[in-house]
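Protein chains in written order, with the numbering used here: chain A, 1 to 207; chain B, 208 to 414.
The C-beta atom is built at its ideal place from N, Cα and C for all residues, glycine as well.
These notes concern the structure reproduced below.
Number of protein chains: 2
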Amino acid sequence: MDTYSSRALQAAVEAFAQLPGIGRKTALRLVLHLLKQDAGTADSFSEALRELHRNVVYCTHCHNITDKSVCSICESPRRNRALVCVVEDIRDVMAIENTGQYHGLYHVLGGIISPMEGIGPSDLTIDSLSGRLQADPGIREVILALSTTMEGDTTGFYIYRMLQAFDLKISVIARGIAIGDELEYADEVTLGRSIVNRTAYDVNTVK
Amino acid sequence: MDTYSSRALQAAVEAFAQLPGIGRKTALRLVLHLLKQDAGTADSFSEALRELHRNVVYCTHCHNITDKSVCSICESPRRNRALVCVVEDIRDVMAIENTGQYHGLYHVLGGIISPMEGIGPSDLTIDSLSGRLQADPGIREVILALSTTMEGDTTGFYIYRMLQAFDLKISVIARGIAIGDELEYADEVTLGRSIVNRTAYDVNTVK
Numbered sequence: 001m002d003t004y005s006s007r008a009l010q011a012a013v014e015a016f017a018q019l020p021g022i023g024r025k026t027a028l029r030l031v032l033h034l035l036k037q038d039a040g041t042a043d044s045f046s047e048a049l050r051e052l053h054r055n056v057v058y059c060t061h062c063h064n065i066t067d068k069s070v071c072s073i074c075e076s077p078r079r080n081r082a083l084v085c086v087v088e089d090i091r092d093v094m095a096i097e098n099t100g101q102y103h104g105l106y107h108v109l110g111g112i113i114s115p116m117e118g119i120g121p122s123d124l125t126i127d128s129l130s131g132r133l134q135a136d137p138g139i140r141e142v143i144l145a146l147s148t149t150m151e152g153d154t155t156g157f158y159i160y161r162m163l164q165a166f167d168l169k170i171s172v173i174a175r176g177i178a179i180g181d182e183l184e185y186a187d188e189v190t191l192g193r194s195i196v197n198r199t200a201y202d203v204n205t206v207k
Numbered sequence: 208m209d210t211y212s213s214r215a216l217q218a219a220v221e222a223f224a225q226l227p228g229i230g231r232k233t234a235l236r237l238v239l240h241l242l243k244q245d246a247g248t249a250d251s252f253s254e255a256l257r258e259l260h261r262n263v264v265y266c267t268h269c270h271n272i273t274d275k276s277v278c279s280i281c282e283s284p285r286r287n288r289a290l291v292c293v294v295e296d297i298r299d300v301m302a303i304e305n306t307g308q309y310h311g312l313y314h315v316l317g318g319i320i321s322p323m324e325g326i327g328p329s330d331l332t333i334d335s336l337s338g339r340l341q342a343d344p345g346i347r348e349v350i351l352a353l354s355t356t357m358e359g360d361t362t363g364f365y366i367y368r369m370l371q372a373f374d375l376k377i378s379v380i381a382r383g384i385a386i387g388d389e390l391e392y393a394d395e396v397t398l399g400r401s402i403v404n405r406t407a408y409d410v411n412t413v414k
């Protein structure tokens, strides 16, 4: 453990070093960068962090991060309210929104079932999803858009079983060879799945 | 440019993303991590950043970062006051201190001459080094411990010329094959330098 010549320096380095993927050397580099900027930069950084927990609100419907109690997606009259896409966190919402291909609603779990990290179903917004489906019979399809990892599959299966109580379509996002990828370099599980789940040839989507 | 569903989230992401080596995706990951912790974590992070510029002091002698006006190294009666080692920043001080092999004083330049980044000699503490040498005739040797880059060499040469006005020994840290490295993988400039600057065989240092 390094010792620093200044307690203020040490406190700032330790604050950065507790973040995932940032070691003490990187933390020191970041703090020295801030010290070279004028004090206003560190002050506004400090202010942004202070306001973070105070001003970030989770949408009461889909648990997406927002400024008000219902997020702009849940509020929008232009979204298809029959579709709910279940994702792990806001980054997935942003990634799907960026495609411009999805016009339904979301349900943000706020994490993924992970016994290793002590995260169980009750830590996620799964009960809220169930309540949402009970309250809104207009929802006709739930799309599971989770990572293809052990945790993602476990979470997907848990939600799938919960969804059996409802009369709706359950789908998962397509797995297959990424567009632009070469077949010979694809892993065999993905390639196998892409053959089993082949789709009808559509001249409009093949560019 | 991504748009975020919350202004507080956006402000925090932008604060992280302005740091060197941190892109917007990493910034978002860090902010989501902080949001998963309780508010106290972000608050103490915020506090550490707020106090950074207020409480960090630069040693009036060597410009090292410290809590008081003279740093613990300059203050220590156990350091050899005849030696001053010139380094770029506090990370180099920490690296040299960690070796336990140097017992002199330091002079922290606070950067390196870099026309590309608009950093000239007047942005560094070179004048202060000159003033320090004038005020303290007890300093007998200045050791240049700068990076072997274009900028490091330029800075070293600039200081070397400035030091001509003083009657003292000027040295540079040894360049050569790192301990544990294999000769065949060393670059030829380093290997060449290590042959030209060979030292007497000392049975005590060869382990």
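Neighbouring residues, chain A, relative to residue i (Cβ below 9 Å)
i, result
"residue 314 of chain B", "Those do not exist, as residue 314 of chain B stays about 14 Å from chain A at its closest Cβ, beyond 9 Å."
"residue 279 of chain B", "5"
Simplified DSSP state of residue i, which is helix, strand or coil
i, result
"residue 107 of chain A", "strand"
"residue 57 of chain A", "strand"
"residue 273 of chain B", "strand"
"residue 389 of chain B", "coil"
"residue 212 of chain B", "coil"
"residue 331 of chain B", "coil"
"residue 203 of chain A", "coil"
"residue 19 of chain A", "coil"
"residue 305 of chain B", "helix"
"residue 354 of chain B", "coil"
"residue 195 of chain A", "helix"
"residue 175 of chain A", "coil"
"residue 345 of chain B", "coil"
"residue 166 of chain A", "coil"
"residue 299 of chain B", "helix"
"residue 10 of chain A", "helix"
"residue 208 of chain A", "For chain A, the structure presents residues 1 to 207; residue 208 of chain A sits outside this window and is missing."
Host beta strand (DSSP E) of residue i (start-end)
i, result
"residue 171 of chain A", "169-172"
"residue 142 of chain A", "141-144"
Residue i, enclosing alpha helix (DSSP H) - first and last residue
i, result
"residue 289 of chain B", "Counting along the chain, residue 289 of chain B falls outside any alpha helix (DSSP H), though it belongs to the beta strand (DSSP E) covering 287-294."
"residue 365 of chain B", "357-370"
"residue 281 of chain B", "279-282"
"residue 236 of chain B", "231-243"
Strand pairing of residue i, partner residues [DSSP]
i, result
"residue 321 of chain B", "B:326"
Contact set between residue i and chain B, taken where Cβ atoms lie within less than 8 Å
i, result
"residue 89 of chain A", "239"
"residue 20 of chain A", "236, 237, 240"
"residue 123 of chain A", "Correct list: empty, because the minimum Cβ distance to chain B is about 10 Å."
"residue 15 of chain A", "251, 252, 255, 256"
Residue i: contacting residues in chain A (beta-carbon distance under 7 Å)
i, result
"residue 253 of chain B", "46, 49, 50"
Chain-ordered chain B contacts of residue i [CB-CB under 7 Å]
i, result
"residue 66 of chain A", "212, 213"
"residue 146 of chain A", "Simply none; closest approach about 16 Å."
"residue 39 of chain A", "260"
Partners in chain B for residue i, counting only beta-carbon separations shorter than 9 Å
i, result
"residue 9 of chain A", "259, 262, 263, 272, 273, 274, 297"
"residue 12 of chain A", "252, 255, 256, 258, 259, 263"
Near the ligand SAH: residue i beta-carbon under 6 Å from a heavy atom
i, result
"residue 120 of chain A", "Ligands in the displayed structure: none, and consequently the ligand SAH is not present."
Looking at C-beta atoms only, is the number of pairs between the region 248-258 of chain B and the region 94-107 of chain A that lie closer than 8 Å three or more? no
Decide if the region 137-153 of chain A is in contact with the region 78-92 of chain A; the criterion is three or more beta carbon pairs, one per stretch, under 8 Å apart. yes
Quick check: the region 358-365 of chain B against the region 317-332 of chain B, are at least 3 beta-carbon pairs closer than 8 Å? yes
Given 8 Å as the limit, is there contact between the region 208-218 of chain B and the region 57-67 of chain A, that is, 3 or more CB pairs closer than that? yes
Determine, using beta-carbon pairs with one atom in the region 15-35 of chain A and one in the region 230-240 of chain B, whether at least three such pairs fall under 8 Å. yes
Given 8 Å, three or more beta-carbon pairs between the region 119-131 of chain A and the region 64-81 of chain A: no
Should the region 66-75 of chain A be regarded as contacting the region 183-190 of chain A, the criterion being three or more beta carbon pairs within less than 8 Å? no
Three Cβ pairs or more, each shorter than 8 Å: is that satisfied between the region 335-349 of chain B and the region 370-388 of chain B? yes
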